[in-house]
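Top line first, the protein sequences correspond to chains L and B.
With the first sequence counted from 1, adding 240 to any position gets you our numbering.
With the second sequence counted from 1, adding 240 to any position gets you our numbering.
Written out below as C-alpha cells is the structure these notes cover.
Protein chains: 2
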Amino acid sequence: MKNTANNITWHCATVTREMREKQNRHKSVIVWFTGLSSSGKSTIAHVVEEQLHQMGCKTFVFDGDNVRHGINKNLGFSREDRKENIRRIGEMCKLFIEAGVIALTAFISPYREDRNMIRQMAKDGDFIEIYCDCCLEVCESRDVKGIYARARTGEIPEFTGISAPYEIPESPEVIINTENITIGECVAKVINYLSERGIINRNLTRHRK
Amino acid sequence: MKNTANNITWHCATVTREMREKQNRHKSVIVWFTGLSSSGKSTIAHVVEEQLHQMGCKTFVFDGDNVRHGINKNLGFSREDRKENIRRIGEMCKLFIEAGVIALTAFISPYREDRNMIRQMAKDGDFIEIYCDCCLEVCESRDVKGIYARARTGEIPEFTGISAPYEIPESPEVIINTENITIGECVAKVINYLSERGIINRNLTRHRK
C-alpha cells in the first residue's frame, strides 16, 4: 500500500470504547450474576437483557449454553478448569465492554477468589456483582430438571450447595433475595441500579418496537 | 420468585441475533483477514471498522493485542497452541455475531486447516475470508519493527514466510493485492463486498458524526 500522508493518518484510526458508548447512548459494564443453581441468575439476566434491548441498549448474556459448548468445551470441572472457565469468561466480557456492549453473565461462580479475579481484571466500576440470594431449600424446590436430586444421590459429584461450597459474596454491588419476590421486582432492582449509576439513561435511550 | 403466568412468559424471553440485527440495521458476520506479517491485515481491518462505525454499524477488531495478552495469554506458539488460539478466536467471533456485531479479525492464521475450522464452525455465509496478498519482499520492506530481520537471524523461530509455511487460501471471498494500491482502495474493496452481499446497507445505516 502506498504510504501517502493520508494513509498514515488512517493507520492510527481506531474506534474506541468511548466512541461506541457515545454511539450506543449507554455505558458498557459487566453485570455478573452469582448464586446457587436455580437461584434465578439466568432468568433475571435474560429478562434484564430483554428490557435493555427494548430501551435500545446493546447487550449479551453469557451462560453455560453458549460458553461451555463453545470456547470452553475443552474444560472439565476440576478446580483448575473451573477457574480457567471463569477467567476466559472474564476476558471475553472485557472484549465485549470494549465493544460497547453490556455483558451479563449467569454462572454459579461459587468461589470468591474467581469472582474477585474478574473484578481485578476489569477497570474500576466495570464489574457489577449481583448476588442472587436464595436458600438451598427453595432452590431445590424449583429444580425442574432434577439436578439437585442427582446431586443428592451422588450421581453428580461436587455439586455447589450439596457437595461443594458456595462462597457468599462479601460486598456485591446488588443483593437480590429471590425467594419471595416476582421476577419483575428482581429485574427492576437491576435496571434501577444501572440507571442510578448512570450506565443507562432511561431518557436518552431510544425506545424501539 | 413467584411463579405467576406473567413470569413464565418472561422466562422464555430471549433477545435473538435477528432482533439485534434488525435494531442495528445491519447483519453480523465474521470478516477474517489472513496474510503474511505486514501484508496490511490490521491496518485495513481498523480502517474498515472506522468506516463501518461512521455508518452506525456495530463492530469489533480482534488482533494480537487484545487476544494474545488476554484470553489466550496461556497459549504459546506450538502447532497445537496456534490451533487452539485460532479456535478460541473463532468461538469468540461466533458470540460476537450472535450479539449482532461485525467481528473483524487480523491474524496471520497461516494454516488452511485452522481457517477452514472457523468456516465450518460458522453458519453458511457468516465467514468471510479476506486474503491480503502481498509478496514476502514487499512485506519485509514494510517491516518497521524489524521482526522479519529477527526472523532471518533465527532469533524468532518458526516465523511465517521465513521459517514456517503460509498456506494461501484456496477460495477466499475477497483477495486484495496490497502491493500497489492505497489503503483507501483496499478498504473500499471490503466495504463494497459487504454492501453487495447485503450485510450493510449504505442507504439504511445511520450516518453519525
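Glycine residues also receive a C-beta, built at the ideal position from the N, C-alpha and C atoms.
Fill in: residue 283 of chain L versus residue 422 of chain L - alpha carbon distance
11 Å
Worksheet entry | Interfacial residues, the segment 412-428 of chain B to chain L, with Cβ spacing under 9 Å | 418, 419, 420, 421, 422, 423, 424, 425, 426, 427
Fill in: Cβ-Cβ distance between residue 417 of chain B and residue 373 of chain B below 8 Å
yes
Worksheet item: Can the beta-carbon of residue 378 of chain L be found closer than 8 Å to that of residue 419 of chain L?
Response: yes
Worksheet item: Where does residue 300 of chain B fall in DSSP's three states?
Response: strand
Worksheet item: Which of helix, strand or coil does DSSP assign to residue 436 of chain L?
Response: helix
Discussion item. I'd like the span of the alpha helix (DSSP H) that includes residue 261 of chain L, first residue to last.
Written reply: 257-264
Worksheet item: Taking any Cβ of chain L, which residues in the segment 296-321 of chain B have a Cβ under 9 Å from it, in chain order?
Response: 296, 298, 299, 300, 301, 302, 306, 307, 310, 311, 312, 313, 314
Worksheet item: Taking the DSSP output, what are the residues bridged to residue 373 of chain L?
Response: L:417
Practice prompt. Consider the Cβ of residue 362 of chain B: report whether some Cβ of chain L lies at a distance smaller than 8 Å.
Written response: no
Item to complete: Check distances from the C-beta atoms of the segment 328-361 of chain L to those of chain B and list, in chain order, the residues that come in under 8 Å.
Response: 328, 331, 332, 334, 335, 336, 338, 339, 340, 341
Worksheet entry | Chain-ordered chain B contacts of residue 293 of chain L [CB-CB under 8 Å] | 255, 259, 260, 263
Worksheet item: At which residue ranges does the segment 309-350 of chain B contain complete alpha helix (DSSP H) runs of 4 or more residues, listed in the order of the chain?
Response: 319-338
Practice prompt. Note the first and the last residue of the continuous beta strand (DSSP E) segment covering residue 270 of chain L.
Written response: 270-274
Worksheet item: Apart from the five residues just before and just after residue 255 of chain B, which ones in its own chain have a Cβ nearer than 7 Å to its Cβ?
Response: none
Worksheet item: Under a three-way DSSP split, which group does residue 389 of chain B fall into?
Response: helix
Worksheet item: Hey, is the segment 334-343 of chain L in contact with the segment 383-400 of chain L, meaning 3+ C-beta pairs nearer than 8 Å?
Response: no
Worksheet item: Leaving out five residues before and five after residue 278 of chain B in sequence, what residues of the same chain have Cβ atoms less than 7 Å from its Cβ?
Response: 379, 382, 383
Worksheet entry | Host alpha helix (DSSP H) of residue 443 of chain B (start-end) | Per DSSP, residue 443 of chain B belongs to no alpha helix (DSSP H) and is neither H nor E.
Worksheet item: Rounded to the nearest angstrom, how far is the Cβ of residue 401 of chain B from that of residue 376 of chain B, given a contact under 8 Å?
Response: 5 Å
Worksheet item: When you compare only the Cα positions, how much space is there between residue 243 of chain L and residue 280 of chain B?
Response: Residue placement at residue 243 of chain L is flagged as unreliable, the pLDDT there being 46, under the threshold of 50; a coordinate-derived value is accordingly withheld.
Fill in: Endpoints, the alpha helix (DSSP H) within which residue 287 of chain B is located
281-294
Worksheet item: For residue 404 of chain B, which residues does DSSP report across the bridge?
Response: B:400
Item to complete: May I ask you to list the residues that DSSP assigns as paired with residue 368 of chain B?
Response: B:271
Worksheet item: When we look at the beta-carbon of residue 248 of chain B and count the other beta-carbons within 10 Å, is it buried (16 or more) or exposed?
Response: Reliability of the predicted coordinates at residue 248 of chain B is poor, the pLDDT of 37 falling under 50, and the value obtained from them is presented with this limitation in mind. That one is exposed.
Worksheet item: Quick one: any contact between the segment 283-294 of chain B and the segment 310-329 of chain B, if contact means 3 or more CB pairs under 8 Å?
Response: no
Worksheet item: Can you name, in chain order, every residue of its own chain whose Cβ lies under 7 Å from the Cβ of residue 367 of chain L, other than the five neighbours on each side?
Response: 270, 272, 358, 359
Item to complete: Using only alpha-carbon positions, find the residue among B:363, B:334, B:327 that is nearest to residue 347 of chain B.
Response: B:327
Worksheet item: Taking residue 403 of chain B as the reference, which of B:336, B:391, B:411 has the closest Cα?
Response: B:391
Worksheet item: From this set, L:265, L:268, L:323, L:369, which residue's C-alpha is nearest residue 354 of chain L's C-alpha?
Response: L:323
Worksheet item: So the alpha helix (DSSP H) residue 354 of chain L belongs to, where does it begin and stop?
Response: 352-361
Practice prompt. Please state whether DSSP places residue 378 of chain B in a helix, a strand or coil.
Written response: helix
Worksheet item: According to DSSP, is residue 384 of chain L helix, strand or coil?
Response: coil
Worksheet item: Are residue 527 of chain L and residue 266 of chain L touching if we call contact CB-CB under 8 Å?
Response: As shown, chain L starts at 241 and ends at 449. That puts residue 527 of chain L outside it, with no answer to give.
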